[in-house]
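K.L.:
Sequential numbering of the sequence shown, starting at 52, is according to my numbering. Note that CB positions come from ideal geometry on N, CA and C, so glycine has one too. As the structure is a prediction and not an experimental result, all values here were calculated from the model.
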Amino acid sequence: MPIFFTDPTDTSLPLYLLMQSEVDDFIAAQPKRAASWLNANGFSGVVGSHCILPAEQGIAAVVAGLGTDQDLKRTRFTLADVRLKLPEGTYHLVTTLTGAALEQQVLGWLLAGYVFDRYAKKAVPKAQLVAPSGLDIQRLEAIAQGEFLTRDLINTPASDMGPSELEAAATKLATEFDAQISTVQSDALLAENFPMIHAVGRASSRAPRLIDMRWGTQGPKLTLVGKGVCFDTGGLNLKPGSSMGLMKKDMGGAATVLGLAHMIMALDLPLQLRVLIPAVENSVSSNAFRPQDILQSRKGLTVEINNTDAEGRLVLADALALADEDDADLIVSMATLTGAARAAVGPDLSPFYVTEASDAFALVKGAEAASDPVWQMPFWDPYEKLIEPGIADLDNAPAGGMAGSITAALFLRRFVTNTPRYMHFDIYGWCPSALPGRPKGGVGMGARALLAALPDLLGYE
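Below, the structure is given as structure tokens:
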């Protein structure tokens with residue numbers, strides 16, 4: 052387990068976090084030598100800036116700028132950037148920030164400690180932080196651990212993260228928290244009535260499977276369903292190379308629900324958790340499913356295949372149908388499902404859909420508190436006709452390309468008919484360029500927002 056915070060020491064250095072509006076008063080209150088040093092270095096509190104105050108021997112303190120209120124909105128984790136610039140040492144925060152604003156910056160510090168070094172050695176930040184008082188440190192560490200798990204899973208290439216390796220990661224998590232886990236794989240998927248998971252994964256030499264993890268025996272029931280397409284060639288509707296390059300991240304939904312599950316279990320939240328992950332590789336071979344095939348589903352609905360590259364909704368549909376047979380209070384699906392979602396809101400926001408309007412308010416509130424931005428999309432009923440091909444009950448890829456994220460969400464909703472409250476996230480799961488607290492690569496999206504919203508969503512304290 053990573054060391055996130057250090058214990059208080061007499062030798063820790065003060066790290067002052069200042070808004071631009073606080074800088075003049077701060078400098079005026081400093082001894083003449085320190086004030087002259089800050090002025091000579093032009094420190095003005097610009098977002099992400101810092102100035103090291105020298106002592107007779109070594110460092111006396113560090114002053115870092117948070118910028119303006121607008122900067123705090125535009126740059127979520129300023130302290131993450133500052134951490135990477137600091138020399139080795141132990142620091143303690145001195146700031147007027149409190150509550151959620153302080154928590155956001157401290158979480159940024161933790162997230163800056165993430166390094167994916169499985170294949171090449173990387174420098175690890177040497178600056179350490181004394182746990183700030185007044186914050187729920189256990190919660191912050193659990194969030195960071197869950198996020199790091201998500202990032203590791205997404206960043207690992209498909210050569211080392213196929214369906215069996217994804218199952219192994221889920222099993223390791225279940226073992227850590229004494230959860231129960233079971234798997235249905237290969238032709239047993241047909242015997243157990245998961246025909247679409249089998250159809251999508253059968254062309255790969257790496258057997259498809261459905262992973263089912265349960266934890267907790269009391270409290271409201273939450274079921275998380277994560278798309279686990281460990282690599283997506285597009286199938287017989289083969290992707291062009293430019294679109295296939297990032298497809299190791301097509302299991303980002305599975306990685307995100309596992310990260311969220313880690314957070315929930317580490318915090319011992321008073322709920323019953325179920326995690327379902329259809330884990331497959333969408334490959335090309337002589338037995339691959341084809342355009343114009345009509346697939347049976349666990350729900351009993353038939354699906355016409357008009358694009359084998361719209362496979363994520365197929366495997367999710369069987370998993371959602373299973374989830375819907377349980378008496379869950381809330382079902383949540385998370386998936387790197389459509390390029391339309393990325394085109395609509397870009398890589399930062401998590402588009403989400405809800406069947407219960409009040410759940411949207413709870414999630415937006417949680418997202419704001421957690422600095423994990425989301426954006427509500429509509430289950431637009433008039434578009435239902437677009438997913439009805441006539442020859443079968445449903446069309447997996449409506450012609451025309453309009454409203455692609457919405458039609459995918461409507462498709463999934465058809466498989467949740469017994470559970471009144473369903474929420475779907477169409478995430479990107481990737482940070483295309485490095486940002487404070489978010490290095491280039493895999494990233495969790497929506498998990499922290501959901502975690503913050505769970506008390507309101509499920510009605511526990």
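Taking its Cβ as the centre, do 16 or more other Cβ atoms sit within 10 Å of residue 52, making it buried, or is it exposed?
P.N.:
As a working mapping, residue 52 is identified with position 1 in the sequence shown. With a pLDDT of 42 at residue 52, under the threshold of 50, the modelled position of that residue is not reliable, and no figure is offered here.
K.L.:
Distance, Cα to Cα, residue 374 vs residue 351?
P.N.:
For this step, residue 374 is matched to residue 323 along the sequence shown. For this step, residue 351 is matched to residue 300 along the sequence shown. Whole-angstrom Cα-Cα distance: 15 Å.
K.L.:
Distance, Cα to Cα, residue 437 vs residue 356?
P.N.:
Walking along the sequence shown from the start, residue 437 turns up at place 386. Walking along the sequence shown from the start, residue 356 turns up at place 305. Rounded to the nearest angstrom, the two C-alpha atoms are 14 Å apart.
K.L.:
Kindly identify the DSSP beta-bridge partner or partners of residue 233.
P.N.:
For the purposes of this step, residue 233 is identified with residue 182 of the sequence shown, where counting begins at 1. Beta-bridge pairing links residue 233 to 263.
K.L.:
Smallest Cα separation from residue 202: which of 143, 397, 308, 335?
P.N.:
The sequence position of residue 202 within the sequence shown is 151, counting from 1. The option with the nearest alpha carbon to residue 202 is 308.
K.L.:
Taking C-beta to C-beta, are residue 279 and residue 329 nearer than 8 Å?
P.N.:
Taking the first residue of the sequence shown as 1, we reach residue 279 at position 228. Taking the first residue of the sequence shown as 1, we reach residue 329 at position 278. It is a contact, given that the beta carbons lie within the stated cut-off.
K.L.:
For residue 52, does the three-state DSSP call read helix, strand or coil?
P.N.:
Residue 52 sits at position 1 when you count from the first residue of the sequence shown. Bear in mind that the predicted position of residue 52 carries a pLDDT of just 42, short of 50, making it unreliable; the figure below should be weighed with that in mind. Coil.
K.L.:
Which partner residues does residue 178 have in the DSSP bridge list?
P.N.:
As a working mapping, residue 178 is identified with position 127 in the sequence shown. Its beta-bridge partners are 140.
K.L.:
For residue 268, count the other beta carbons within 10 Å of its own beta carbon; 16 or more makes it buried, fewer makes it exposed. Which is it?
P.N.:
Walking along the sequence shown from the start, residue 268 turns up at place 217. Classification for residue 268: exposed.
K.L.:
Can you list, in chain order, the stretches of the beta strand (DSSP E) that have 3 or more residues and sit fully within the stretch 351-375?
P.N.:
The stretch 351-375 contains these whole beta strand (DSSP E) runs: 353-355.
K.L.:
Quick check: the Cα distance between residue 516 and residue 114, rounded to an integer number of angstroms?
P.N.:
Nothing about residue 516 can be read from this structure; the chain reaches only from 52 to 512.
K.L.:
Quick test of the definition: if touching needs 3 or more C-beta pairs under 8 Å, does the stretch 175-191 touch the stretch 287-300?
P.N.:
Result no; under three Cβ-Cβ pairs closer than 8 Å.
K.L.:
Output yes or no for whether 8 Å exceeds the beta carbon distance between residue 205 and residue 303.
P.N.:
Sequence index remark: in the sequence shown, residue 205 carries index 154 (1-based). Sequence index remark: in the sequence shown, residue 303 carries index 252 (1-based). Yes, Cβ-Cβ distance for residue 205 and residue 303 is below 8 Å.
K.L.:
May I have the straight-line CA-CA distance separating residue 86 from residue 418, to the nearest angstrom?
P.N.:
The residue labelled residue 86 in the question sits at position 35 within the sequence shown. The residue labelled residue 418 in the question sits at position 367 within the sequence shown. Each residue's alpha carbon lies about 39 Å from the other.
K.L.:
Report the rounded CA-to-CA distance for residue 132 versus residue 99, giving the unit in angstroms.
P.N.:
Walking along the sequence shown from the start, residue 132 turns up at place 81. Walking along the sequence shown from the start, residue 99 turns up at place 48. Roughly 6 Å separates the two Cα atoms.
K.L.:
For the stretch 493-508 against the stretch 400-411, are there 3 or more C-beta pairs whose distance is under 8 Å?
P.N.:
Verdict: yes, contact present.
K.L.:
When you compare only the Cα positions, how much space is there between residue 266 and residue 478?
P.N.:
Taking the first residue of the sequence shown as position 1, residue 266 is located at position 215. Taking the first residue of the sequence shown as position 1, residue 478 is located at position 427. If you take the alpha carbons of residue 266 and residue 478, they lie about 25 Å apart.
K.L.:
Does DSSP classify residue 511 as helix, strand or coil?
P.N.:
Taking the sequence shown and counting its residues from 1, the one referred to as residue 511 is at position 460. Correct three-state label for residue 511: coil.
K.L.:
Which class does residue 70 belong to by DSSP, given the choice of helix, strand or coil?
P.N.:
To locate residue 70, count along the sequence shown from 1; it is residue 19. Three-state DSSP puts residue 70 in a strand.
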